[in-house]
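Here is the structure we will look at.
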Amino acid sequence: MNVKSRHHLRADAVAEIEDALADRLGVDLDADSFEKVEFDDSDWNVVLVDGEPHVLYVEAADSGDADEPFLTVQGANAYPPERSVVTVDAGAISFVSDGADVMRPGIVEADEDIEAGDLVAINEEGHGKFLAIGRAKTGGDDMVGDSGKVVESIHHVGDDLFEFSV
Numbered sequence: 122m123n124v125k126s127r128h129h130l131r132a133d134a135v136a137e138i139e140d141a142l143a144d145r146l147g148v149d150l151d152a153d154s155f156e157k158v159e160f161d162d163s164d165w166n167v168v169l170v171d172g173e174p175h176v177l178y179v180e181a182a183d184s185g186d187a188d189e190p191f192l193t194v195q196g197a198n199a200y201p202p203e204r205s206v207v208t209v210d211a212g213a214i215s216f217v218s219d220g221a222d223v224m225r226p227g228i229v230e231a232d233e234d235i236e237a238g239d240l241v242a243i244n245e246e247g248h249g250k251f252l253a254i255g256r257a258k259t260g261g262d263d264m265v266g267d268s269g270k271v272v273e274s275i276h277h278v279g280d281d282l283f284e285f286s287v
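Per this note's numbering, the sequence shown runs over residues 122 to 287.
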């Protein structure tokens with residue numbers, strides 16, 4: 122991924138990101154610098170938090186809304202979310218890490234406050250590491266079960282954004 126431009130965010134844009142992540146995820150970004158990065162060869166909109174790609178703007182579920190700030194996989198591992206978390210079992214790790222959507226049989230736990238269309242962070246039960254970011258296709262109280270796709274993968278371990286470094 123080739124960087125097209127990189128610039129510091131204004132205080133109001135930083136406050137918007139901080140407020141959104143605190144409200145949705147219970148995350149407090151304690152950082153000194155926020156820089157937006159645009160790429161020549163990618164549609165990712167990334168914010169470097171103290172030089173690390175920890176925030177990603179994701180297209181809103183409702184196409185009329187503005188893009189939503191959310192943590193990247195690296196961001197979720199640096200600032201573990203308290204809410205909007207879906208936990209998968211060991212059998213799902215390789216699939217989720219390769220970018221597969223998350224299926225009900227692989228889920229061991231999901232935040233019950235998740236609603237269909239919400240962005241979620243996907244972690245694994247063994248070590249609590251975050252593997253992917255996705256969009257819920259159903260509510261958190263309906264995610265554990267026997268069959269069906271319940272989270273659409275957006276960003277995962279090993280994709281271009283995960284491999285990006287400044």
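Glycine is no exception: its CB is placed at the ideal position from the N, C-alpha and C atoms.
Item to check | Identity of the residue in 173, 214, 208, 205 nearest residue 286 by Cα | outcome: Of the candidates 173, 214, 208, 205, the residue whose Cα lies closest to the Cα of residue 286 is 173.
Checklist entry - Start and end of the alpha helix (DSSP H) containing residue 138? => result For residue 138, the enclosing alpha helix (DSSP H) covers residues 132-146.
Checklist entry - Which residues in the same chain have their Cβ closer than 6 Å to the Cβ of residue 165, if we skip the five residues on either side of it in sequence? => result Closer than 6 Å at the Cβ level, and outside the excluded window around residue 165, lie 282.
Checklist entry - In chain order, what residues of the same chain lie with their CB nearer than 7 Å to the CB of residue 122, ignoring the 5 residues before and after it? => result Here the set comprises 160, 162, 163, 281, 285.
Item to check | Backbone secondary structure at residue 216 - three-state DSSP | outcome: Helix.
Next on the checklist: Going by DSSP, what residue range makes up the alpha helix (DSSP H) through residue 196?
Outcome noted: Taken as a continuous stretch (DSSP letters only), the alpha helix (DSSP H) holding residue 196 covers 194-199.
Checklist entry - Pairing CB atoms from the segment 132-141 with CB atoms from the segment 232-240, are three or more of them under 8 Å? => result No, they do not touch.
Checklist entry - Leaving out the 5 sequence neighbours to the left and right, which residues in its chain are closer than 7 Å to residue 218 when beta-carbon positions are compared? => result So the qualifying residues of the chain are 252, 277, 278, 279.
Checklist entry - Among residues of its own chain, excluding the 5 on either side of residue 129, which ones have a beta-carbon nearer than 6 Å to its beta-carbon? => result When the five nearest sequence neighbours on each side are left out, the beta carbons in the same chain lying within less than 6 Å of the beta carbon of residue 129 are those of 156, in order along the chain.
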